[in-house]
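Peer 1: In the numbering used here, the protein residues as written are 756 to 1218.
The beta-carbon is built from N, C-alpha and C at its ideal position, and this holds for glycine as well.
(1) Going by CA-CA distance only, name the one from 906, 929, 912 and 911 that's closest to residue 895.
(2) Could you tell me whether the Cβ atoms of residue 1015 and residue 974 are closer together than 9 Å?
(3) Leaving aside the five residues before and after residue 813 along the sequence, list all residues of the same chain whose C-beta is less than 6 Å from its C-beta, in chain order.
(4) Quick check on residue 939: does DSSP put it in helix, strand or coil?
(5) Among the residues of its own chain, which have a CB less than 7 Å from the CB of residue 1122, if the five just before and after it don't count?
(6) From residue 1085 to residue 955, what distance separates their C-alpha atoms?
(7) Around the Cβ of residue 1209, are there at least 16 other Cβ atoms within 10 angstroms (buried) or fewer (exposed)?
(8) In or out: residue 1000 buried (at least 16 other Cβ within 10 Å) or exposed?
(9) Confirm, please, whether the CB-CB distance from residue 828 to residue 842 is below 9 Å.
(10) Looking at C-alpha atoms only, which residue of 1029, 1161 and 1211 is the closest neighbour of residue 988?
(11) Quick one: complete beta strand (DSSP E) runs, 3+ long, within the segment 986–1020?
(12) Can you tell me whether DSSP reads residue 1161 as helix, strand or coil?
(13) What is the rounded straight-line gap between the Cα of residue 990 and the Cα of residue 1176?
(14) Whose C-alpha, out of 1147, 1079, 893 and 1062, is nearest the C-alpha of residue 1120?
(15) To the nearest angstrom, report how far apart residue 1037 and residue 906 are at their CA atoms.
(16) So who's on the other strand from residue 777, going by DSSP bridges?
(17) Quick check on the DSSP output: the beta strand (DSSP E) that includes residue 1194 runs from which residue to which?
(18) Let me know the beta strand (DSSP E) ranges lying completely inside the segment 852–898, each 3 residues or longer, listed in chain order.
(19) Are residue 1107 and residue 1077 close, meaning C-beta to C-beta below 9 Å?
(20) Between residue 1075 and residue 1142, what straight-line distance do the alpha-carbon atoms span, to the nearest angstrom?
(21) Between 1207, 904, 998 and 890, which has its C-alpha nearest residue 927's C-alpha?
(22) Here's the rule I'm using: 16 or more other beta-carbon atoms within 10 Å means buried, otherwise exposed. How should residue 782 be labelled?
(23) How many angstroms separate the CA atom of residue 1206 from the CA atom of residue 1126?
(24) Where does residue 1100 sit, in a helix, a strand or coil, going by DSSP?
(25) Using the three-state DSSP reduction, which class does residue 837 fall into: helix, strand or coil?
(26) Whole angstroms is fine: what's the gap from residue 879's alpha carbon to residue 774's?
(27) Going straight from the alpha carbon of residue 940 to that of residue 963, what length do you get?
(28) Apart from the five residues just before and just after residue 1204, which ones in its own chain have a Cβ nearer than 8 Å to its Cβ?
(29) By how many angstroms is the C-alpha of residue 885 removed from the C-alpha of residue 861?
(30) Name, in chain order, the residues that DSSP records as bridge partners for residue 956.
(31) Near residue 998, which residues of its chain fall below 7 Å by C-beta distance, leaving aside the five closest residues on each side in sequence?
(32) I'd like the list of long-range same chain contacts for residue 719, defined as Cβ closer than 8 Å, with 5 residues on each side in sequence excluded.
(33) Using CA atoms only, rank isn't needed, just tell me which of 875, 916, 1088 and 913 is closest to residue 897.
(34) Compute the distance between the beta-carbons of residue 916 and residue 938, then report whether it is under 9 Å.
(35) For residue 1209, which of helix, strand or coil comes out of DSSP?
(36) Which partner residues of residue 818 appear in the DSSP bridge assignment?
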């Protein structure tokens, strides 16, 4: 956990709290430094660029505005943590500069910024003082920090005795209670238990609503879609895209699942014109086809099929032993539909053609909110459906039946087929945002996303 003070911006407006210009980081591959290089490093200088260095970041520009939330996505080794460490000031860039206007708090590696020999209580006092809080401010906030961390008697134990979850509790509580202007989080919250994670996200929502700036790394798409105003896609140390969070995630998934032989060309296409990549999907046969840029058509009062309403965010991954086609949503009479009525039963159906022999095959679907959060789904059992061994050339017709308990709104669903391969489970074919449907307006007095068939009982005693 690192907390930094204020430094003036040199080339951005006051509305920009963090500005990174031409930031690059090169790690040396050789194990030993020369005496001169070691002395330069000790006294705060930068090392000369080595001939055999590894480029962790390449000439990256980034600006974070006051009050916005930015997420960073990318494959392992893409430079996400390196960028956060440079912005937090715990790592020096090889090129470029970063300026921060305001107080910055960072949750990076577990336990970073804490003295392992000090107790939690002592670490709070030291770290808060480093953050610029006066003795009176530390005293005023100390009880709140301890209460939020909720680690009991361990607050008076050396932090070297803490579990990873305790580290996160104390670090997050300290960071959020020093009133930072900018908060940086590097996947630290994935360590805590679910109750504490919810507690942290509720506090982050308050931080954002109060105008705080949040920069974080996560591998959870739903978090990016829920929280972020913009998202940065990093790959091989390079910024491929910075903008709409859903677009960033779509491009990230394309890069992540692209065959190695095609990834370089895809990166070049994204850098040149990301819109052309975003407007393209892969057909079942693997050929690129364009999607018409239709808006979400339809009337909430219409029940049945609205042909103009279809998913424009569909992502079809390359087949890997099977091909999914003929995806459809059917009503109880077997008629295609995409406008649903609450309380009725429907089927998500699709066909699968196996191009290779597969073992322990399962079929999947998940229904999602517009922001990407999964609401409900199912994975079939290979034994129950006699899919322990499926030979190449076989076909399957799959259907998932559900009762619509969703309230009015638009929803998406994914479909996939997986199999066991080399002691692992892999996707044979997968389609994200395969289609969209809308639940029509209902006169029932329900709240939220899902109708849980709640009933009410009231006993009123008058005076």
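Peer 2: Answer, in terms of the structure:
(1) It is 929 whose Cα lies nearest to the Cα of residue 895.
(2) Note that the C-beta distance between residue 1015 and residue 974 is not below 9 Å.
(3) These residues qualify, in order along the chain: 779, 992 and 993.
(4) Strand.
(5) Closer than 7 Å at the Cβ level, and outside the excluded window around residue 1122, lie 1130, 1131, 1132, 1166 and 1168.
(6) About 41 Å.
(7) Result: exposed.
(8) That one is buried.
(9) Against a cut-off of 9 Å, the Cβ pair of residue 828 and residue 842 comes out as no contact.
(10) Residue 1029 is the option with its Cα nearest to residue 988.
(11) The qualifying runs are 993–998.
(12) Residue 1161: strand per DSSP, three-state reduction.
(13) Rounded to whole angstroms, residue 990 and residue 1176 show a C-alpha spacing of 27 Å.
(14) Among 1147, 1079, 893 and 1062, the Cα nearest to that of residue 1120 belongs to 1079.
(15) With a pLDDT of 37 at residue 1037, under the threshold of 50, the predicted position of this residue should be treated as unreliable, and no value is reported.
(16) Residue pairing by DSSP places residue 777 opposite no residue, since no beta bridge is assigned to it.
(17) For residue 1194, the enclosing beta strand (DSSP E) stretches over residues 1179–1194.
(18) Contiguous beta strand (DSSP E) elements confined to the segment 852–898 occur at 859–862, taking only those with 3 or more residues.
(19) The beta carbons of residue 1107 and residue 1077 sit closer together than 9 Å.
(20) Separation of residue 1075 and residue 1142 (C-alpha to C-alpha, rounded to the nearest whole angstrom) is 17 Å.
(21) When only C-alpha atoms are compared, the closest one is 904.
(22) Exposed: under 16 other Cβ atoms inside 10 Å.
(23) Roughly 19 Å between the two C-alpha positions.
(24) Here residue 1100 carries a strand assignment [DSSP, helix/strand/coil].
(25) Correct three-state label for residue 837: helix.
(26) C-alpha of residue 879 to C-alpha of residue 774: approximately 29 Å in a straight line.
(27) Cα-Cα distance, rounded: 14 Å.
(28) So the list reads 1124, 1130, 1161, 1162 and 1164, once near-sequence residues are dropped.
(29) One C-alpha to the other measures close to 13 Å.
(30) Beta-bridge analysis with DSSP links residue 956 to no other residue.
(31) Hits under 7 Å: 985.
(32) Since the displayed the chain opens at 756 and closes at 1218, residue 719 lies outside it and no answer follows.
(33) With respect to the C-alpha of residue 897, the residue from 875, 916, 1088 and 913 having the closest C-alpha is 875.
(34) Cβ distance not < 9 Å, so residue 916 and residue 938 don't count as in contact.
(35) Residue 1209 falls in the coil class under three-state DSSP.
(36) Bridge partners of residue 818: 774.
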